[in-house]
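Q:
Residue numbers (the numbering used here): 974 to 1235.
So, in structure tokens, the structure goes:
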């Protein structure tokens, strides 16, 4: 499928394109509609993750949870097994596959969590005049594992993952103000400035996604990221899990504005 302007594609059509085999990062897709991270765990691990999310709400703001085996959600009128561009499958914490369809791996005891995604507030940043570099380059957002440990819960523990957007210094306060209105999709930044304070040695080598140019004078701004649950899976090694490929999100049927607070 050739997409001339992904921002104009409605969620249902975007999901159909992904179901038909289109693999692409979803930043900039379906403007005005919220996006979500996905994590699916067996029922016997679901409470641990729900507690992990409750203890780490900046990184894991839960938007919806399915019943075991359900392949849809109240905010996602599609098939969670096929309607994201790409998935990662984990066994004992090791990634064993990256595929565009996880029906072959599906289990009837899986509980799906849809978690807020910072792509949801990017239109608001642009409207406020804040540049979003990965949208300019049509690449994936850069994401980094940090030296900050999340609060553990049950069998789950792991590091905070952050996404980064370089911002001109005169617009940093605007970026903070705009994104603070979206607590359900990570909200305000967790760090502004020196990457080394987060244990990030090289912005040009993200752990997930693509590097972006940081222009002279720009300040790196870091938001909590919904890949944090997959970092916890890698660190804690549950027997089985499915997540989205970083940056390849679930496009929901909820408007961005529904997650904005006054």
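Idealized CB from N, CA, C, for every residue including glycine.
Which residue spans inside the segment 983-1018 form an unbroken alpha helix (DSSP H) run of at least 4?
A: You should have 984-992.
Q: Taking a contact to mean a Cβ-Cβ separation below 7 Å, would you say residue 1133 touches residue 1119 in this structure?
A: Counting from 1 along the chain shown, the entry for residue 1133 is found at position 160. Counting from 1 along the chain shown, the entry for residue 1119 is found at position 146. Their beta carbons are under 7 Å apart, which means residue 1133 touches residue 1119 by this criterion.
Q: Apart from the five residues on each side of it in sequence, which residues of its chain come closer than 8 Å, Cβ to Cβ, to residue 1071?
A: To locate residue 1071, count along the chain shown from 1; it is residue 98. Here the set comprises 1059, 1060, 1061, 1062 and 1218.
Q: Quick check on the DSSP output: the alpha helix (DSSP H) that includes residue 1201 runs from which residue to which?
A: By 1-based counting over the chain shown, the position of residue 1201 is 228. It spans 1201-1209 - the alpha helix (DSSP H) in which residue 1201 sits, taken as one unbroken run.
Q: Can you list, in chain order, the residues of its chain with a C-beta nearer than 7 Å to that of residue 1065? Leave out the 5 residues immediately preceding and following it.
A: Indexing the chain shown from 1 puts residue 1065 at position 92. If we look at residue 1065 and ignore the five residues flanking it on each side, its Cβ neighbours are 1210 and 1212.
Q: Given a threshold of 16 other Cβ atoms within 10 Å of its Cβ, counted over all protein chains shown, does residue 1095 qualify as buried or as exposed?
A: One-based indexing of the chain shown puts residue 1095 at position 122. Residue 1095 comes out buried.
Q: Less than 7 Å between the C-beta atoms of residue 1147 and residue 1101, yes or no?
A: Residue mapping note: residue 1147 aligns to position 174 of the chain shown, counting from 1. Residue mapping note: residue 1101 aligns to position 128 of the chain shown, counting from 1. Cβ distance < 7 Å, so residue 1147 and residue 1101 count as in contact.
Q: Could you pull the start and end residues of the beta strand (DSSP E) that residue 1159 belongs to?
A: Looking up residue 1159 in the chain shown gives position 186. Residue 1159 -> no beta strand (DSSP E), and no H or E assigned at all.
Q: Would you tell me roughly how many angstroms separate the C-alpha atoms of residue 1023 and residue 1034, rounded to the nearest one?
A: The count along the chain shown starts at 1 and reaches residue 1023 at position 50. The count along the chain shown starts at 1 and reaches residue 1034 at position 61. C-alpha separation (whole angstroms): 10 Å.
Q: If distances are taken between C-alpha atoms only, which option among 1010, 1083 and 1187 comes closest to residue 1141?
A: As a first step, residue 1141 must be located in the chain shown, where it is residue number 168. Of the listed residues, the one whose Cα sits closest to residue 1141 is 1187.
Q: Given that a residue counts as buried once 16 or more other Cβ atoms are within 10 Å of its Cβ, and exposed if not, what is residue 1083?
A: Here residue 1083 corresponds to residue number 110 of the chain shown, with the count starting at 1. Burial call: buried.
Q: For residue 979, which residues of its own chain have a beta-carbon under 7 Å away from its beta-carbon, when the five flanking residues on both sides are left out?
A: Counted from its first residue, the chain shown places residue 979 at position 6. Once the five neighbours on either side are set aside, the close Cβ partners of residue 979 are 1001 and 1002.
Q: Would you be able to state if there are at least three C-beta pairs under 8 Å between the segment 1075-1090 and the segment 1009-1028?
A: The segment 1009-1028, when compared against the segment 1075-1090, does touch it at the 8 Å Cβ threshold.
Q: Near residue 1214, what residues of its chain come up, given a Cβ to Cβ distance below 7 Å and the 5 sequence neighbours on each side ignored?
A: Here the question's residue 1214 lines up with position 241 in the chain shown. Excluding positions up to five away in sequence, the list reads 1012, 1013, 1014, 1063 and 1206.
Q: Do you know offhand how far residue 1039's Cα is from residue 977's?
A: Within the chain shown, numbered from 1, the residue matching residue 1039 stands at position 66. Within the chain shown, numbered from 1, the residue matching residue 977 stands at position 4. Straight-line Cα distance between these residues: approximately 34 Å.
Q: CB residue 1165 to CB residue 1136, shorter than 7 Å?
A: As a working mapping, residue 1165 is identified with position 192 in the chain shown. As a working mapping, residue 1136 is identified with position 163 in the chain shown. Contact flag unset, no.
Q: By how many angstroms is the C-alpha of residue 1117 removed from the C-alpha of residue 1185?
A: Start at 1 with the first residue of the chain shown, and residue 1185 comes out as number 212. Start at 1 with the first residue of the chain shown, and residue 1117 comes out as number 144. Computed Cα separation, rounded: 13 Å.
Q: Between which residues of its own chain and residue 1220 is the CB-CB distance below 8 Å, once the five residues before and five after are set aside?
A: In the chain shown, counting from the first residue as 1, residue 1220 sits at position 247. Result list for residue 1220: 998, 999, 1000, 1113, 1114, 1116, 1181 and 1182, in chain order.
Q: So, is residue 1091 buried or exposed, given that buried needs 16 or more other C-beta atoms within 10 angstroms?
A: By 1-based counting over the chain shown, the position of residue 1091 is 118. It is buried - the Cβ of residue 1091 has at least 16 other Cβ atoms within 10 Å.
Q: Under DSSP, the alpha helix (DSSP H) around residue 1151 begins and ends at which residues?
A: Your numbering for residue 1151 matches position 178 in the chain shown. 1145-1152 is the extent of the alpha helix (DSSP H) around residue 1151.
Q: Could you tell me which residues DSSP pairs with residue 1137 in its beta bridges?
A: Along the chain shown, one-based indexing puts residue 1137 at 164. Partner(s): 1195.
Q: Using a 10 Å radius around the Cβ and a threshold of 16 neighbouring Cβ atoms, would you call residue 1160 buried or exposed?
A: Residue 1160 sits at position 187 when you count from the first residue of the chain shown. Burial call: buried.
Q: Check this for me: beta carbons of residue 1073 and residue 1036, under 7 Å apart or not?
A: The residue you call residue 1073 lines up with position 100 of the chain shown. The residue you call residue 1036 lines up with position 63 of the chain shown. For residue 1073 and residue 1036, no; Cβs fall outside 7 Å.
Q: Looking only at DSSP bridge pairs, what is residue 1037 linked to?
A: Mapped onto the chain shown, residue 1037 falls at position 64. Looking at the DSSP assignment, residue 1037 forms a beta bridge with 1087.
Q: What's the gap between the Cα of residue 1131 and the Cα of residue 1123?
A: Start at 1 with the first residue of the chain shown, and residue 1131 comes out as number 158. Start at 1 with the first residue of the chain shown, and residue 1123 comes out as number 150. So the two alpha carbons sit approximately 6 Å from each other.
Q: Are the CB atoms of residue 1032 and residue 1233 within a distance shorter than 7 Å?
A: Translated into the one-based positions of the chain shown, residue 1233 becomes position 260. Translated into the one-based positions of the chain shown, residue 1032 becomes position 59. No, the Cβ-Cβ distance between residue 1233 and residue 1032 is not below 7 Å.
Q: Could you tell me the distance, in whole angstroms, from the CA atom of residue 1077 to the CA atom of residue 1005?
A: Residue 1077 sits at position 104 when you count from the first residue of the chain shown. Residue 1005 sits at position 32 when you count from the first residue of the chain shown. About 32 Å.
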